[in-house]
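For reference, the structure is listed below as structure tokens.
Numbering (the working numbering), first residue to last: 9 to 258.
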């Protein structure tokens, strides 16, 4: 399969703590790669390096044959091709901004001609409806919505630039179980329609099993297992993977 993003020998040290110890993997175009592990395993550190929040200590992220990090500076090239949805929609949405402004914000870094086209009221209405919300919500504020609705807003903000890769960092862990299923199904629908590549980060093995095509198991900054999702869940090889999978049954 054609790869779209490569994580190459990524290392990250915070003080004396080694968060990543030479992590490498590729994302294939249109797939969902599940990145799993307990808190502190390095999952979110990988996400933050991919989107430019943290710089790697060594190694690099290659997107469409271009290194994203050079001389400790982040250069993603054409803005908006990599987007992220965070765990907590309450803290990731500015409470002072209307939903219209929040969703439109990523467009500010795009060329004016593209920004004016994608930022029309007509396009925003189409976008908000595509994530299961109503037109009148555009003029409201984040505090007026439930957690699931806020996460739908965050997803709309992420897809407005028509990204090729989306990092989903624990996107359902702050939600009720019934709402989790709705958000996961929405993400599946969006992926089918737009052929977006997902890096789905979670400690919840049941969620990862449902949405992922491949899985990488991260333990203390290193991969201990990686492969087809069905194979990993049905025939786990590493004891750590077995412990994570057994948590589904508890």
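Positions of the beta carbon are idealized from the N, C-alpha and C atoms, including for glycine. Model, not experiment: these values are computed from the prediction.
Mapping DSSP to helix, strand and coil, what is residue 66? Here residue 66 sits in strand by DSSP.
Please state whether DSSP places residue 17 in a helix, a strand or coil. In the structure shown, residue 17 falls within a strand segment according to DSSP collapsed to helix, strand and coil.
For residue 39, I'd like the list of residues in its chain whose CB is within less than 7 Å of its CB, leaving aside the five on either flank, ordered along the chain. Correct list, in chain order: 205, 221 and 222.
Please classify residue 169: does DSSP put it in a helix, a strand, or coil? Here residue 169 carries a coil assignment [DSSP, helix/strand/coil].
Span of the beta strand (DSSP E) holding residue 115? Unbroken run through residue 115: none, as it is neither H nor E.
Within 10 Å of its beta-carbon, does residue 61 have 16 or more other beta-carbons around it, so buried, or fewer, so exposed? Here residue 61 is exposed: its Cβ has fewer than 16 other Cβ atoms, across all protein chains shown, within 10 Å.
Sequence-distant residues of the same chain with beta carbon closer than 6 Å to residue 89, five excluded per side: The beta carbon of residue 89 sits closer than 6 Å to those of 171 and 172, all from its chain and outside the five residues before and after it, given in chain order.
What would DSSP say about residue 152, mapped onto helix, strand or coil? Residue state, collapsed to three classes: helix.
Give me the Cα-Cα distance between residue 59 and residue 137, rounded to the nearest whole angstrom. Whole-angstrom Cα-Cα distance: 27 Å.
For residue 155 and residue 162, the rounded distance between their alpha carbons: Going from the Cα of residue 162 to the Cα of residue 155 covers about 11 Å.
Under the three-state reduction of DSSP, which class applies to residue 234: helix, strand or coil? Residue 234 carries a strand assignment under DSSP once its states are collapsed to helix, strand and coil.
Quick one: Cα of residue 112 to Cα of residue 245, how far? Note on geometry: alpha-carbon atoms of residue 112 and residue 245 lie some 45 Å from one another.
Quick check: the Cα distance between residue 81 and residue 63, rounded to an integer number of angstroms? Residue 81 and residue 63: Cα-Cα distance of roughly 8 Å.
Expressed to the nearest angstrom, what Euclidean distance is found between the alpha-carbon atoms of residue 50 and residue 149? Residue 50 and residue 149 have their C-alpha atoms some 33 Å from each other.
Sorted by chain position, which residues of the same chain lie with C-beta nearer than 6 Å to residue 224's C-beta, five sequence neighbours on each side aside? Same-chain partners within the cutoff: 33, 43, 231 and 234.
Collapsed DSSP secondary structure at residue 12 in the structure displayed: Strand, per DSSP.
Roughly how many angstroms lie between the CA atoms of residue 254 and residue 214, to the nearest whole one? If you draw a straight line from the Cα of residue 254 to the Cα of residue 214, it is about 10 Å long.
Proximity of residue 110 and residue 101 at Cβ, strictly below 7 Å: With contacts defined as CB atoms closer than 7 Å, residue 110 and residue 101 qualify as a contacting pair.
Does the structure place the stretch 62 to 78 close enough to the stretch 14 to 23 that three or more beta carbon pairs sit under 8 Å? Yes: at least three Cβ pairs fall under 8 Å.
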